[in-house]
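Right, one structure below, let's go through it.
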Amino acid sequence: GLESGLELAEECIMVGGATRSPLWMKMFSDVTGYPIKTLAQNVEAPYGDALLAGVGTGVLDSYERIKDWVRFDRTIYPDKKAKKIYDQYFIEYKKAYKSLKDTMKTLGKIN
1 GLESGLELAE
11 ECIMVGGATR
21 SPLWMKMFSD
31 VTGYPIKTLA
41 QNVEAPYGDA
51 LLAGVGTGVL
61 DSYERIKDWV
71 RFDRTIYPDK
81 KAKKIYDQYF
91 IEYKKAYKSL
101 KDTMKTLGKI
111 N
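For what it's worth, full-length UniProt numbering labels the leading residue of the sequence shown as 1, then goes sequentially.
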């Protein structure tokens, strides 16, 4: 799972500009260890707006209706070997962050 964030149930759905890059999607999948799904439609914000408006006005009966609208075009699966390597990097990153945290804060205060 993600040590510094939210645990996901089974998969992650990503939207936006980064989804146009197969390399970024593969990296996200390998780093998180989760399958990444991308939408077939490039209308994520309008769907969310329509859903909120529909439920808020009573036109739609639940937020679950979004499942009827969304179609996925691909799923990117993580590479377990790459995940282990990224996990090792993350352990070292946390050590480096801890040791440099105060120094970076001090450097940030210098004008």
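Ideal placement from N, C-alpha and C gives every residue a C-beta, glycine not left out.
All figures in this text were calculated on a predicted structure; none of them were measured in a lab.
If you draw a straight line from the alpha carbon of residue i to that of residue j, how long is it in whole angstroms?
| i | j | result |
| --- | --- | --- |
| Glu64 | Glu92 | 41 Å |
| Gly17 | Lys105 | 32 Å |
| Lys94 | Gln88 | 10 Å |
| Met14 | Thr103 | 35 Å |
| Asn111 | Gly58 | 54 Å |
| Thr75 | Tyr97 | 33 Å |
| Asp68 | Lys84 | 36 Å |
| Leu60 | Lys109 | 51 Å |
| Glu10 | Leu107 | 41 Å |
Taking residue i as the reference, give the member of the options with the closest Cα.
| i | options | result |
| --- | --- | --- |
| Ser29 | Tyr97, Lys81, Asn111 | Lys81 |
| Ala45 | Ile66, Asp79, Leu60 | Ile66 |
| Val43 | Thr19, Leu23, Glu10 | Thr19 |
| Ile36 | Ala53, Ser21, Leu52 | Ser21 |
Would residue i pass as a contact of residue j if the rule is Cβ separation under 8 Å?
| i | j | result |
| --- | --- | --- |
| Leu39 | Asp73 | yes |
| Ser62 | Val70 | no |
| Tyr86 | Val31 | yes |
| Tyr47 | Cys12 | no |
List the residues that DSSP assigns as beta-bridge partners of residue i.
| i | result |
| --- | --- |
| Thr38 | Met14, Arg74 |
Output the residue ranges of the alpha helix (DSSP H) runs that lie fully inside the segment 44 to 93 and measure 4 residues or longer, sorted by chain position. For the segment 44 to 93, the full-length alpha helix (DSSP H) segments reaching 4 residues or more read 44 to 57, 66 to 69 along the chain.
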